[in-house]
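> Numbering (numbering that gives the first Met the number 0), first residue to last: 0 to 255.
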Amino acid sequence: MQRRAELDRMGIQKVDVDVQEAKGRILMQPWWLDWTAGLFPVIAAVFFLRSFLFEPFKIPSGSMIPTLLVGDLILVNKFTYGVRLPVINTKIIEGNQPARGDVMVFRYPPQPSLDYIKRVVGVPGDEVAYLNKRLTVNGKPVETKAMPDFLDEDAMRYFKQYEEQLGGQPHRLLNNPDVPAFVQGASNFAYRDNCRYSVEGVVCKVPQGHYFMMGDNRDNSLDSRYWGFVPEANIVGKAFFVWMNFGNLKRIGAFH
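(1) Buried or exposed: which applies to residue 142, given that a residue is buried once 16 or more other Cβ atoms fall within 10 Å of its Cβ?
(2) Quick one: measure Cβ to Cβ for residue 114 and residue 56, integer angstroms, because I've assumed they're closer than 8 Å.
(3) Can you have a look at residue 77 and say buried or exposed, based on whether 16 or more other CB atoms are within 10 angstroms of its CB?
(4) Starting from residue 224 and walking both ways along the alpha helix (DSSP H), at which residues does that stretch end?
(5) Using a Cβ-Cβ cut-off of 6 Å (strictly less than) and excluding sequence neighbours within five positions of residue 292, which residues of its own chain qualify?
(6) According to DSSP, what are the bridge partners of residue 96?
(7) Beta-carbon separation of residue 183 and residue 124 under 8 Å?
(8) Which value, in whole angstroms, describes the spacing of the CA atoms of residue 47 and residue 243?
(9) With a 10 Å radius around its C-beta and 16 neighbouring C-beta atoms as the bar for buried, classify residue 71 as buried or exposed.
(10) State the beta-bridge partners of residue 288 as determined by DSSP.
(11) Which runs of the beta strand (DSSP E) spanning at least 3 residues fall entirely within the segment 150 to 187, listed in chain order?
(12) Is the Cβ-Cβ distance between residue 129 and residue 201 less than 8 Å?
(13) Is DSSP giving residue 57 helix, strand or coil here?
(14) In the DSSP output, what is residue 126 paired with across the bridge?
(15) Kindly indicate the opening and closing residues of the beta strand (DSSP E) around residue 134.
(16) For residue 228, which option in 89, 252, 203, 214 has the closest C-alpha, if you only look at C-alpha atoms?
(17) By Cβ distance below 8 Å, which residues in the same chain neighbour residue 52 in space, the five residues on each side in sequence not counted?
(18) Consult DSSP for residue 113 and reduce its assignment to one of helix, strand or coil.
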């Protein structure tokens with residue numbers, strides 16, 4: 000009572016009442032509020048990682064066999080080619096330019112809501128020719144040598160396998176010499192006049208700010224031969240690591 004009287008003389012009113020009301024309001028908060036508050040830093044960290052550093056993807060098709068198999072869960076480095084703001088896609092930090100031989104994830108030009116993965120074959124200014132099943136860049140044939148046949152365990156078939164030196168990095172590809180190089184069903188894409196199609200295949204001059212992409216499964220890949228060049232603004236990042244394949248744990252590891 001003495002403390003209450005002293006507070007009254009000092010003009011401090013309702014201290015005990017205010018404290019009790021505050022405690023009551025805290026106790027009345029829903030249980031999930033504290034749980035959500037504790038989870039927020041985790042959500043923020045995941046958002047930051049996925050938006051600016053690394054993002055996981057799952058390989059849905061066989062267009063990159065033998066480098067990547069259906070079901071591979073991969074990591075994509077999103078800052079190798081520069082950092083972009085999510086949603087508006089504005090580059091805020093410059094990075095390296097995509098190089099020939101890089102395995103790159105990008106937004107599919109005809110439908111940017113879809114992410115595609117292919118290998119960079121041509122950079123801005125390059126002339127890329129794929130004639131009679133042979134790849135040539137700027138008039139120089141890309142070095143290729145035969146490797147043991149590849150067994151596709153899903154299809155239970157063997158395929159002709161080769162090793163290609165593109166951009167100083169060796170990688171393997173599938174290429175059936177009995178399948179013609181003729182490109183059937185090419186769409187009417189931007190800068191299509193930069194390409195010349197024939198029964199032997201296609202020759203394209205890569206425009207500035209664009210890239211020419213091809214799958215490593217050369218006879219089973221819808222790529223730049225069919226739908227054209229990838230604009231620089233569509234780049235998502237550089238794929239570099241298989242972090243899981245639930246059907247084949249031996250797949251885990253880096254690739255190029």
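Glycine is no exception: its CB is placed at the ideal position from the N, C-alpha and C atoms.
Put simply:
(1) Your numbering for residue 142 matches position 143 in the sequence shown. Counting of Cβ neighbours within 10 angstroms places residue 142 among the exposed residues, the total staying below 16.
(2) Translated into the one-based positions of the sequence shown, residue 114 becomes position 115. Translated into the one-based positions of the sequence shown, residue 56 becomes position 57. Contact holds; Cβ gap of about 7 Å.
(3) Locating residue 77 in the sequence shown gives position 78, where the first residue counts as 1. If you draw a 10 Å sphere on the C-beta of residue 77, you find 16 or more other C-beta atoms in it, and that means buried.
(4) Here residue 224 refers to the residue found at position 225 of the sequence shown. Per DSSP, the continuous alpha helix (DSSP H) segment holding residue 224 begins and ends at 223 to 226.
(5) Lying before the first or after the last residue shown, residue 292 is absent from the chain, which here runs from 0 to 255.
(6) For this step, residue 96 is matched to residue 97 along the sequence shown. Answer is none; residue 96 lacks a bridge partner.
(7) Walking along the sequence shown from the start, residue 183 turns up at place 184. Walking along the sequence shown from the start, residue 124 turns up at place 125. Contact: no.
(8) Within the sequence shown, residue 47 is the residue found at index 48, counting from 1. Within the sequence shown, residue 243 is the residue found at index 244, counting from 1. With a pLDDT of 48 at residue 47, under the threshold of 50, the modelled position of that residue is not reliable, and the figure given next carries that caveat. The alpha-carbon atoms of residue 47 and residue 243 are separated by roughly 22 Å.
(9) Position 72 of the sequence shown, counting from 1, holds the residue named residue 71. Per the 10 Å Cβ criterion, buried.
(10) Only positions 0 to 255 of the chain appear in the structure, and residue 288 is not among them; the question remains open.
(11) 156 to 165, 168 to 173
(12) In the sequence shown, counting from the first residue as 1, residue 129 sits at position 130. In the sequence shown, counting from the first residue as 1, residue 201 sits at position 202. Cβ distance < 8 Å, so residue 129 and residue 201 count as in contact.
(13) Your numbering for residue 57 matches position 58 in the sequence shown. Residue state, collapsed to three classes: strand.
(14) Here residue 126 refers to the residue found at position 127 of the sequence shown. In the DSSP output, where bridge partners are listed per residue, residue 126 has 204.
(15) The residue you call residue 134 lines up with position 135 of the sequence shown. If you look at residue 134, you'll find it in the beta strand (DSSP E) that goes 133 to 136.
(16) Locating residue 228 in the sequence shown gives position 229, where the first residue counts as 1. The shortest Cα separation from residue 228 among 89, 252, 203, 214 belongs to 203.
(17) Position 53 of the sequence shown, counting from 1, holds the residue named residue 52. 76, 77, 78, listed in sequence order.
(18) Your numbering for residue 113 matches position 114 in the sequence shown. Correct three-state label for residue 113: coil.
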